[in-house]
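Novice:
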Amino acid sequence: ETGVTQSPTHLIKTRGQQVTLRCSSQSGHNTVSWYQQALGQGPQFIFQYYREEENGRGNFPPRFSGLQFPNYSSELNVNALELDDSALYLCASSLAGWEVSKTQYFGPGTRLLVL
Amino acid sequence: GQNIDQPTEMTATEGAIVQINCTYQTSGFNGLFWYQQHAGEAPTFLSYNVLDGLEEKGRFSSFLSRSKGYSYLLLKELQMKDSASYLCAVRDSGGGADGLTFGKGTHLIIQP
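Chains as they are written, first to last, in this note's numbering: chain H, 119 to 233; chain R, 1121 to 1232.
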């Protein structure tokens, strides 16, 4: 158990809809990263938030957006859903600062199916 | 950009030793991670290397050679529960973000 939680666990949407996924970080962690993992692939970095600001982004379009709240919980929003957005969405929390490794600890993920 | 290569699938026998290799080509480097992922579950952290050499943690060891862009994960005394996907990930050194670039994972099958 990493102490990172995500909701919901599963979700079914139709093409064109919008979705919000939620993540609660491990206690004491101030950084959250979001990843998309398609079946049979490794996770792909979407973006990272630190102190409520986006501080890095992977190769994902602007319809993928996020928020981080003062309590370090986070949201991933995806607009205009496409069939290819079907995947496992993982959030990972870490501690920026003195911890050299800044190891990321993953939540259980939200499995999104777009029909 | 980053490119991470690791074998797609490996098979090993219970009680034996297996080595999973990972090669990477990166524009920057600030650490290499290994994660274990069972089917349908989240990745769990196994090891971290940032300097050359071997890091040992119980039945698991990880090695890094930065000059060769090479790492391996060594699993000893294999157990059936070690059947999982093993993900190699590199953290870029650029900018303020610590996003990881993952390989596609190595699916390890343990046979009795």
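Just so you know, even glycine gets a beta-carbon here, dropped at the ideal spot from N, CA and C.
(1) Flag this pair as yes or no: are the beta carbons of A1162 (chain R) and F224 (chain H) separated by less than 7 angstroms?
(2) In angstroms with no decimal places, state the Cα-to-Cα distance between L208 (chain H) and T221 (chain H).
(3) Work out the CA separation of L230 (chain H) and H128 (chain H) for me, nearest whole Å.
(4) How big is the Cα-Cα spacing for T1131 (chain R) and E171 (chain H)?
(5) Helix or strand or just coil, what does DSSP make of L1207 (chain R)?
(6) How would you write the range of the beta strand (DSSP E) that H147 (chain H) sits in, first residue to last?
(7) Can you tell me the Cα-Cα spacing of R1211 (chain R) and Y168 (chain H), whole angstroms?
(8) Please classify L1184 (chain R) as buried or exposed, where buried requires at least 16 neighbouring CB atoms within 10 angstroms.
(9) Is it right to say G158 (chain H) is buried, meaning 16 or more other beta carbons lie within 10 angstroms of its own, or is it exposed?
(10) What is the rounded straight-line gap between the Cα of L194 (chain H) and the Cα of S183 (chain H)?
(11) Do L166 (chain H) and G174 (chain H) have their CB atoms nearer than 7 angstroms?
(12) Hey, how far is the Cα of S1151 (chain R) from the Cα of H1158 (chain R)?
(13) For D1212 (chain R), name the three-state secondary structure that DSSP assigns.
(14) Between which two residues does the beta strand (DSSP E) carrying R133 (chain H) extend?
(15) Please report the distance separating the alpha-carbon of F1153 (chain R) from that of F1165 (chain R).
(16) Provide the residue span of the beta strand (DSSP E) that contains Q162 (chain H), from first to last.
(17) Since A205 (chain H) and Q154 (chain H) should fall inside the 8 angstroms C-beta cutoff, what is the C-beta to C-beta distance between them, to a whole number of angstroms?
(18) Quick one: complete beta strand (DSSP E) runs, 3+ long, within the region 1150–1228 of chain R?
(19) Quick one: using the 10 Å Cβ neighbour count with 16 as the cut-off for buried, is L1193 (chain R) buried or exposed?
(20) Nearest chain R C-beta to G121 (chain H) closer than 7 angstroms, yes or no?
(21) List the endpoints of the continuous beta strand (DSSP E) containing T221 (chain H).
(22) If we cut at 7 angstroms on Cβ distances, does F182 (chain H) have a partner in chain R?
(23) Would you check if the distance between the CB atom of V150 (chain H) and the CB atom of S143 (chain H) is smaller than 7 angstroms?
(24) Distance, Cα to Cα, V232 (chain H) vs D203 (chain H)?
Specialist: Working from what's here:
(1) yes
(2) 15 angstroms
(3) 6 angstroms
(4) 44 angstroms
(5) strand
(6) From DSSP, H147 (chain H) is part of no beta strand (DSSP E); its letter is neither H nor E.
(7) 16 angstroms
(8) buried
(9) exposed
(10) 6 angstroms
(11) Correcting the residue identity first, residue 166 (chain H) is Gln in this sequence and not Leu. The answer is yes: Cβ separation under 7 angstroms.
(12) It should be pointed out that residue 1151 (chain R) corresponds to Gly in this sequence rather than to Ser. Taking the straight line from one Cα to the other gives about 23 angstroms.
(13) coil
(14) Here R133 (chain H) belongs to no beta strand (DSSP E), and DSSP marks it neither H nor E.
(15) 8 angstroms
(16) Q162 to Y168
(17) 5 angstroms
(18) 1152–1157, 1164–1169, 1173–1177, 1180–1185, 1190–1195, 1204–1211 and 1220–1222
(19) buried
(20) no
(21) First-last for T221 (chain H): undefined, no H or E at that position.
(22) no
(23) yes
(24) 7 angstroms
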